[in-house]
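A short worksheet on the structure shown next.
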Amino acid sequence: MLCLRQVRNLEQLEHTHLFIDGDSAGLQLAEGIRRDLMEVVSDIIRNWRDKSGLTFLFDELLCLRERGDVQLDLVKDKG
Numbered sequence: 003m004l005c006l007r008q009v010r011n012l013e014q015l016e017h018t019h020l021f022i023d024g025d026s027a028g029l030q031l032a033e034g035i036r037r038d039l040m041e042v043v044s045d046i047i048r049n050w051r052d053k054s055g056l057t058f059l060f061d062e063l064l065c066l067r068e069r070g071d072v073q074l075d076l077v078k079d080k081g
């Protein structure tokens, strides 16, 4: 299984390349991979590179099997 997760940099001078889990859930990208993992990741990046967020939402998220409702928090109350 290949998952995409939000991460953030640890922001410590001695650990410049260390990232930890962010504050959001992940997104499963693939399951039952039988090819080289780096080849799969490269294909995903190549396919998504020029895709807008809205196109991704319609093409990928809304066409998932057995998906439930997608809830977007479009209005953030900062007050």
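Each residue of the sequence shown is one higher than the last, beginning at 3 in the numbering used here.
Every residue, glycine too, gets a C-beta built ideally from N, C-alpha and C.
Just so we're clear, the structure is a prediction, and the values are computed from it rather than from any experiment.
In the three-state scheme derived from DSSP, where H, G and I count as helix and E and B as strand, D23 is classed as strand.
In the DSSP assignment, L66 falls outside any alpha helix (DSSP H) and carries neither an H nor an E. Our two residues, L59 and K53, have alpha carbons roughly 10 Å apart in a direct line. At a Cβ-Cβ threshold of 8 Å, L6 and L12 do not count as neighbours. Excluding its 5 nearest sequence neighbours in each direction, H17 has no C-beta neighbour in its own chain below 8 Å.
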